[in-house]
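**Student:** Residue 157 in numbering that gives the first Met the number 0 sits at position 158 of the sequence shown, with consecutive numbering throughout. Quick one: structure below, then a few questions.
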Amino acid sequence: MNKHSYICQRLKKTKQEANLKKMKLVVGLGNPSAEYAGTRHNLGFEVIDKVISGTVASPEVSKKLEAIIYKLPDTILVKPQTFMNLSGRSVKATLEFYKITPSEMLVVHDDVDLELGDIRHQFDRSSAGHKGVESIIGALGTQEFHRLRLGVGRPASPNIDVEGFVLQKFTSGEKETAARCILRAAEVVQNWLKEA
């Protein structure tokens with residue numbers, strides 16, 4: 000191999016490596032099936048829908064990855080179809096398939112510890128009791144990934160079970176705040192993708 004060919008191969012390999020490093024994964028957490036649409040626990044799904052609206056991305060159902068996949072330049076967006084508490088299985092398979100590291104992933108999910116409409120972007124934090132995030136940390140063996148926490152508030156009465164609360168749909172008085180939260184979260188995701 001002459002020197003010119005060697006340099007060209009190295010440049011090509013370096014470019015390929017750079018492209019791999021640029022690839023990002025955005026995961027919206029939720030539960031599949033129509034009965035869960037519009038519930039607090041499905042905010043992650045709705046943010047993914049908002050991000051891909053207006054793009055040419057079309058959904059691909061992957062049985063292997065147990066997810067609905069959307070592909071954009073340098074970005075994979077995913078809605079796991081395993082149900083919330085098993086999200087880690089789908090997320091791990093997706094990261095491995097696309098050769099993306101956990102630190103290049105943003106997980107979008109509901110959070111009862113934040114007021115309805117509040118948004119927090121964090122990195123390398125514990126699950127704080129969120130079953131979907133807990134599943135992801137368990138499957139990956141690390142919590143070193145980005146999270147976008149979307150506040151859904153807590154039940155007004157201590158007699159209402161939190162697990163049942165997050166599976167409820169937003170009330171008519173909450174829908175506008177929830178819609179604004181989804182829109183703002185989608186903007187945060189888009190900005191993260193540009194800056195990352």
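All C-beta atoms in this analysis are idealised placements derived from N, C-alpha and C, irrespective of residue type, glycine included. A quick note: this is a predicted structure, and the numbers were derived from the prediction, not measured.
Could you tell me whether the Cβ atoms of Leu-147 and His-129 are closer together than 8 Å?
**Tutor:** Taking C-beta atoms as the reference points, Leu-147 and His-129 fail to come closer than 8 Å.
**Student:** When the Cα atoms are used, what is the spatial distance from Gly-87 to Pro-31?
**Tutor:** Answer to the nearest angstrom: the Cα atoms are 15 Å apart.
**Student:** For Val-161, count the other beta carbons within 10 Å of its own beta carbon; 16 or more makes it buried, fewer makes it exposed. Which is it?
**Tutor:** exposed
**Student:** Please go through the same chain and pick out, in chain order, the residues whose beta-carbon is closer than 6 Å to the beta-carbon of Gly-152, but skip the five residues on each side of it.
**Tutor:** Here Gly-152 has Glu-114, Leu-115 as same chain residues with Cβ atoms under 6 Å from its own Cβ, once five neighbours each way along the sequence are excluded.
**Student:** Can you tell me where the beta strand (DSSP E) with Phe-122 in it begins and where it stops?
**Tutor:** Residues 118-122.
**Student:** Leaving out five residues on either side along the sequence, give the residues of the same chain with a beta carbon under 6 Å from the beta carbon of Gly-43.
**Tutor:** Closer than 6 Å at Cβ, skipping near neighbours: Gly-27, Leu-28, Gly-29, Val-107, His-108.
**Student:** For the region 52-122, which segments carrying the alpha helix (DSSP H) assignment without a break, of at least 4 residues, lie completely within its bounds, in sequence order?
**Tutor:** Segments of the alpha helix (DSSP H) lying fully in the region 52-122: 86-97.
**Student:** Taking Cβ to Cβ, would you say Trp-191 is nearer than 8 Å to Leu-105?
**Tutor:** yes
**Student:** Under DSSP, the alpha helix (DSSP H) around Val-25 begins and ends at which residues?
**Tutor:** Premise fails: Val-25 lies in the beta strand (DSSP E), 23-27, not in any alpha helix (DSSP H).
**Student:** When you compare only the Cα positions, how much space is there between Phe-169 and Tyr-69?
**Tutor:** 26 Å
**Student:** Between the alpha carbons of Glu-173 and Asp-112, how many angstroms are there, rounded?
**Tutor:** 17 Å
**Student:** Assuming the contact rule is C-beta atoms closer than 8 Å, Val-77 and Leu-24 should be a hit. Round their C-beta distance to whole Å, please.
**Tutor:** 7 Å
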